[in-house]
Amino acid sequence: MRFRVHLSRPFILAGAISLPLLVGAASPPLVDHLRMLTTTFVSPVLEVQAQITRFAQDQTRALLELPHLRRNNEVLRSEVQGLKRDLVRLEELKQERARLEELLHLKKSFSGKVVAAHVIQHDPSLWGHYIVIDKGEADGIRENTILMNSQGLVGKAVSTGAHSSRAILLVDHESRVSAMNQRTRDVGLAGGNDTLLLRMIYLDRDAQIAIGDTIITSGLGGVYPKGIPIGTVQMIGEDETELTLFAVVKPFVPFSKLEEVLCVFFTTES
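Under my numbering, the letters of the sequence shown match residues 3 to 272, in that order.
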């Protein structure tokens with residue numbers, strides 16, 4: 003019995019070694035089938051393993067690059083904010099240049115001294131009937147120096163310092179200017195009435211004034227030169243005595259948006 007067992011062990015070992023060789027040599031289709039089965043079952047496992055490996059590598063790389071990406075994002079965000087600020091400044095410069103070019107064109111219509119000024123303060127009241135400009139006595143500004151822009155009459159200086167002045171706007175209830183209908187030449191007195199509109203009074207009852215007419219300064223009174231645009235007629239009515247007419251005038255100047263003005267010391271050539 004022992005002899006059989008000892009004889010069978012080498013035999014079994016030799017058979018185990020030689021069987022695949024014999025099978026491979028004797029039956030190639032079987033080997034191919036086994037290979038196919040192996041590939042079918044093993045390949046998905048290997049692919050999953052490869053995906054897991056790639057995912058782990060990607061995550062590791064991302065973690066390593068995260069601080070760098072954060073720094074880059076902060077830099078880019080800062081650059082974007084800087085570009086936005088630059089665009090805002092450029093737009094402001096563009097608009098200011100356009101306004102200054104309009105003032106320069108207006109300045110050429112005068113023969114004497116004209117000083118351009120920036121508005122540095124609006125009156126805190128509802129309608130902003132006073133402004134402060136950055137030019138004063140050192141620049142030649144005096145009381146009653148008139149202020150205007152490319153759209154029309156703004157007002158006049160009422161008090162001055164060395165380098166700044168306070169000016170009353172045309173729409174203030176204390177402001178008055180001798181005005182004229184450009185079309186009919188009828189003369190009246192225009193002034194503020196606590197709104198952003200003007201009231202032109204003392205118009206002759208027979209005046210042929212009409213809605214849409216342009217009102218200009220008449221030159222009477224010795225303060226405002228003749229021909230400065232004031233506004234357009236919005237409404238016409240009779241005063242309380244029914245002896246004269248009045249007109250509501252919408253100013254050309256947007257007083258709440260004033261940024262620059264011309265300080266004028268003389269009359270126009272025309």
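In this text, a Cβ means the ideal position worked out from N, Cα and C, and glycines have one as well. Every value quoted in this text rests on a predicted model; they were computed, and no experiment measured them.
Query                                                                                                                                                            : Result
Under three-state DSSP, which class holds residue 175?                                                                                                           : coil
Can residue 149 and residue 226 be called in contact, C-beta distance under 8 Å?                                                                                 : no
Would you check if there are 3 or more beta carbon pairs closer than 8 Å linking the stretch 139 to 153 to the stretch 183 to 201?                               : no
Alpha carbons only, please: which of 216, 231, 209 is nearest the one belonging to residue 248?                                                                  : 209
Leaving out five residues on either side along the sequence, give the residues of the same chain with a beta carbon under 8 Å from the beta carbon of residue 1. : With the chain covering 3 to 272 only, the question about residue 1 has no answer from this structure.
Keeping to the same chain, check which residues put their C-beta closer than 8 Å to that of residue 237; ignore five residues upstream and five downstream.      : 213, 249, 250
Under 7 Å from any heavy atom of the ligand NAD, does the C-beta of residue 225 make it?                                                                         : As for the ligand NAD, it is missing from this structure, which has no ligand bound.
Taking only three categories from DSSP, how would you classify residue 218?                                                                                      : strand
Measuring alpha carbon to alpha carbon, tell me which residue in 136, 162, 133, 118 is nearest residue 145.                                                      : 162
In angstroms, rounded to a whole number, what distance separates the CA positions of residue 194 and residue 267?                                                : 23 Å
Should residue 179 go down as buried or exposed, given a rule of 16 or more other Cβ atoms within 10 Å for buried?                                               : buried
Closest to residue 122 by CA distance: which of 167, 190, 52, 49 is it?                                                                                          : 167
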